[in-house]
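S.K.:
Protein chains: 2
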Amino acid sequence: MKWRCVVCGYIHEGDNPPEACPVCGVDSSNFVRVEEEPKQDENSKDDSVKNAEAAMTSPAQTGLSPEEKIVKAVQSISYGLFIITAAANGKDNGQAANTCFQITSDPVQIAIGINKKNFTHELIMQSGKFGISVLDQNGHDLVRRFGYRSGREFDKFDGIKAHRGSSGILLLDEVLTTVEAEVANSMDTGTHTLFLGRVTAAEVRGSGEPMTYAYFRKTK
Amino acid sequence: MKWRCVVCGYIHEGDNPPEACPVCGVDSSNFVRVEEEPKQDENSKDDSVKNAEAAMTSPAQTGLSPEEKIVKAVQSISYGLFIITAAANGKDNGQAANTCFQITSDPVQIAIGINKKNFTHELIMQSGKFGISVLDQNGHDLVRRFGYRSGREFDKFDGIKAHRGSSGILLLDEVLTTVEAEVANSMDTGTHTLFLGRVTAAEVRGSGEPMTYAYFRKTK
Chain W
1 MKWRCVVCGY
11 IHEGDNPPEA
21 CPVCGVDSSN
31 FVRVEEEPKQ
41 DENSKDDSVK
51 NAEAAMTSPA
61 QTGLSPEEKI
71 VKAVQSISYG
81 LFIITAAANG
91 KDNGQAANTC
101 FQITSDPVQI
111 AIGINKKNFT
121 HELIMQSGKF
131 GISVLDQNGH
141 DLVRRFGYRS
151 GREFDKFDGI
161 KAHRGSSGIL
171 LLDEVLTTVE
181 AEVANSMDTG
191 THTLFLGRVT
201 AAEVRGSGEP
211 MTYAYFRKTK
Chain Z
1 MKWRCVVCGY
11 IHEGDNPPEA
21 CPVCGVDSSN
31 FVRVEEEPKQ
41 DENSKDDSVK
51 NAEAAMTSPA
61 QTGLSPEEKI
71 VKAVQSISYG
81 LFIITAAANG
91 KDNGQAANTC
101 FQITSDPVQI
111 AIGINKKNFT
121 HELIMQSGKF
131 GISVLDQNGH
141 DLVRRFGYRS
151 GREFDKFDGI
161 KAHRGSSGIL
171 LLDEVLTTVE
181 AEVANSMDTG
191 THTLFLGRVT
201 AAEVRGSGEP
211 MTYAYFRKTK
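Residue numbers (full-length UniProt numbering), protein chains in the order written: chain W, 1 to 220; chain Z, 1 to 220.
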């Protein structure tokens with residue numbers, strides 16, 4: 001069985017997707033199952049493959065199954081890319097994430113989606129707060145560093161320029177902006193927790209363009 | 001008092017931000033208060049203005065207040081642009097929105113943030129489902145149409161090409177993809193409700209690039 005990382009395109013073989021993508025480091029929820037097809041040249045492809053490929057560029061998309069349409073449709077949602085950080089009991093950690101968005105402006109509240117298996121999730125649950133470092137378009141190495149391997153056995157901040165914000169959480173130096181938030185509410189969504197955070201402090205550190213999920217995929 | 005729409009830059013004067021932006025139609029939560037300053041040429045600006053402007057491009061940003069830093073930092077979060085639709089009791093409505101993102105992949109669940117004052121909010125609460133039409137980069141007129149005025153007294157779909165999805169909700173024809181979802185959970189966040197939706201169906205209708213919030217602001 002093959003699984004493709006929707007962030008960077010890495011193909012993993014196995015019964016299940018990997019816990020984290022070994023290339024760009026995003027968690028297992030970013031893997032989609034790839035339909036296996038025999039290797040063949042363009043001319044020998046059977047009609048079902050040709051139809052599926054034709055459907056990828058046609059409005060009707062008749063060649064896709066309902067499940068494939070769902071995967072493709074949700075992939076058309078746009079995101080930024082962020083390093084979410086947290087600290088508790090003398091431990092710091094961070095992870096790459098794409099689900100971060102403002103929900104209300106009075107008060108300013110943001111929401112993030114974090115996989116329950118991640119060390120960062122554990123630290124947010126313990127401390128009731130989190131930090132967001134908004135990457136600029138030079139943040140590729142930071143995505144790889146903070147996505148790769150679990151922070152349970154590896155200090156992801158080793159050699160990375162970072163500073164503590166007013167909440168005590170480590171924030172990255174070389175990013176566009178940073179935001180610190182206190183958890184105001186949370187929702188169990190199954191594999192992930194959706195945390196609602198009330199923003200307590202922010203920094204504007206750079207003046208470039210934000211890194212988007214789409215830009216990272218194009219330029220990784 | 002002046003308020004600026006963070007989506008399109010429209011300036012509103014009044015004690016409060018407008019219910020909806022008259023240019024791009026997003027709701028009042030997208031307005032930020034603008035500090036008024038006397039009109040003057042570049043040379044006669046006082047030091048505080050010069051410092052604030054210098055700070056906009058410097059890492060330290062010492063010229064911004066904590067509140068201004070928060071506004072600027074949350075503006076660096078990237079989004080797509082969507083038309084969220086709903087139907088209940090024979091009524092259809094839709095609104096432009098930027099907060100839509102996937103939260104889990106097994107099952108596929110998405111979350112949206114909707115202002116409680118909006119008619120679409122009422123219809124989602126009544127029906128327990130919603131539709132998402134993911135705009136492509138030609139969707140400017142759809143943002144204006146579905147943002148402008150409340151659907152309580154105006155049929156936003158009049159003259160717009162749309163079709164009913166399997167859930168009975170109207171979805172737009174000329175978009176990149178559509179998604180239909182059943183509300184699995186919701187969170188009250190104050191001015192907005194965060195709806196978690198389990199995806200029940202999707203369509204792939206176009207092959208262009210998705211409209212992002214940043215692209216809309218640049219090209220409106």
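Ideal Cβ positions, reconstructed from N, Cα and C, are used throughout, including at glycine.
Which residue comes first and which comes last in the alpha helix (DSSP H) that contains residue 145 of chain Z?
M.R.: First-last of the alpha helix (DSSP H) with residue 145 of chain Z: 140-147.
S.K.: Taking only three categories from DSSP, how would you classify residue 79 of chain Z?
M.R.: Residue 79 of chain Z: strand per DSSP, three-state reduction.
S.K.: Looking at residue 185 of chain Z and the ligand ATP, is the gap between the Cβ and the nearest heavy atom below 7 angstroms?
M.R.: In the structure on display, the ligand ATP does not appear, and there are no ligands present to speak of.
S.K.: In chain order, what residues of the region 69-87 of chain W put their CB closer than 9 angstroms to some CB of chain Z?
M.R.: Of all residues in the region 69-87 of chain W, 69, 70, 71, 72, 73, 74, 75, 76, 77, 78, 79, 80, 81, 82 have a Cβ within less than 9 angstroms of some Cβ in chain Z.
S.K.: With 8 angstroms as the threshold, decide whether the Cβ of residue 203 of chain Z is near any Cβ in chain W.
M.R.: Chain W, which has a Cβ nearer than 8 angstroms to the Cβ of residue 203 of chain Z, makes this yes.
S.K.: Can you tell me the Cα-Cα spacing of residue 1 of chain Z and residue 204 of chain W, whole angstroms?
M.R.: So the two alpha carbons sit approximately 25 angstroms from each other.
S.K.: Could you give the C-beta distance for residue 175 of chain W and residue 135 of chain W, rounded to a whole number, given that I count them as a contact under 8 angstroms?
M.R.: Yes, they are in contact, since the Cβ atoms of residue 175 of chain W and residue 135 of chain W sit about 6 angstroms apart, within 8 angstroms.
S.K.: For a contact defined as C-beta to C-beta under 7 angstroms, what are the partners of residue 106 of chain W on chain Z?
M.R.: Ordered by position in chain Z, the residues that pass the 7 angstroms Cβ test against residue 106 of chain W are 191.
S.K.: Is there a Cβ of chain W sitting closer than 8 angstroms to that of residue 101 of chain Z, yes or no?
M.R.: Residue 101 of chain Z counts as touching chain W.
S.K.: Out of W/77, W/113, W/63, W/218, which has the shortest C-alpha to C-alpha gap to residue 83 of chain W?
M.R.: When only C-alpha atoms are compared, the closest one is W/113.
S.K.: Taking a Cβ distance cut-off of 7 angstroms, strictly less, list which residues of the region 123-137 of chain Z are near chain W, in chain order.
M.R.: Per Cβ criterion, the list reads 134.
S.K.: Quick one: what's residue 129 of chain Z bridged to in DSSP?
M.R.: Note: residue 129 of chain Z sits in a beta bridge opposite Z/182.
S.K.: For the putative contact between residue 157 of chain Z and residue 171 of chain Z, defined by C-beta atoms under 8 angstroms, what is the C-beta separation to the nearest angstrom?
M.R.: Their Cβ separation, rounded to whole angstroms, is 10 angstroms, which puts residue 157 of chain Z and residue 171 of chain Z out of contact at 8 angstroms.
S.K.: Quick one: what does DSSP say residue 217 of chain Z is sitting in, helix, strand or coil?
M.R.: Helix.
S.K.: Rounded to whole angstroms, what is the Cα-Cα separation between residue 230 of chain W and residue 98 of chain Z?
M.R.: Within the shown structure, residues of chain W are numbered from 1 to 220, placing residue 230 of chain W beyond reach of any answer.
S.K.: Quick one: does residue 109 of chain Z have its CB under 8 angstroms from some CB of chain W?
M.R.: For residue 109 of chain Z, the answer is yes, since a Cβ of chain W falls inside 8 angstroms of its Cβ.
S.K.: For the structure I just gave you, are there three or more beta carbon pairs, one from the region 131-146 of chain W and one from the region 202-219 of chain W, closer than 8 angstroms?
M.R.: Judged by Cβ distances under 8 angstroms, the region 131-146 of chain W makes contact with the region 202-219 of chain W, as three or more pairs qualify.
S.K.: Could you work out which residues of chain W lie near residue 196 of chain Z, taking near to mean beta carbons separated by less than 9 angstroms?
M.R.: Those are 187, 189, 194, listed as they occur along chain W.
S.K.: Taking C-beta pairs closer than 8 angstroms, name the residues in chain Z that residue 66 of chain W reaches, listed in chain order.
M.R.: Residues of chain Z passing the Cβ test: 201, 202.
S.K.: Is the separation between the beta-carbon of residue 202 of chain Z and that of residue 73 of chain W shorter than 8 angstroms?
M.R.: Cβ atoms of residue 202 of chain Z and residue 73 of chain W: closer than 8 angstroms.
S.K.: Work out the CA separation of residue 217 of chain W and residue 18 of chain Z for me, nearest whole Å.
M.R.: Residue 18 of chain Z and residue 217 of chain W: Cα-Cα distance of roughly 38 angstroms.
S.K.: Rank Z/5, Z/182, Z/181, Z/122 by C-alpha distance to the C-alpha of residue 71 of chain Z and give the top, closest one.
M.R.: If we check each option's Cα against that of residue 71 of chain Z, Z/5 comes out closest.
S.K.: Does DSSP classify residue 30 of chain W as helix, strand or coil?
M.R.: Helix at residue 30 of chain W.
S.K.: What is the DSSP secondary structure of residue 210 of chain Z, counted as helix, strand or coil?
M.R.: It is a strand residue.
S.K.: DSSP puts residue 197 of chain Z in a beta bridge; with which residues?
M.R.: Paired residue(s): Z/110, Z/183.
S.K.: Nearest CA to the CA of residue 105 of chain Z: which residue from W/167, W/189, W/95?
M.R.: Cα-wise, what sits closest to residue 105 of chain Z is W/189.
S.K.: For residue 219 of chain W, decide whether its Cβ has a neighbour in chain Z, counting only Cβ atoms nearer than 8 angstroms.
M.R.: No - not a single Cβ of chain Z is within 8 angstroms of the one on residue 219 of chain W.
S.K.: For residue 171 of chain W, which residues in chain Z fall below 9 angstroms Cβ to Cβ?
M.R.: What residue 171 of chain W touches in chain Z: nothing, since even the nearest Cβ is about 11 angstroms away.
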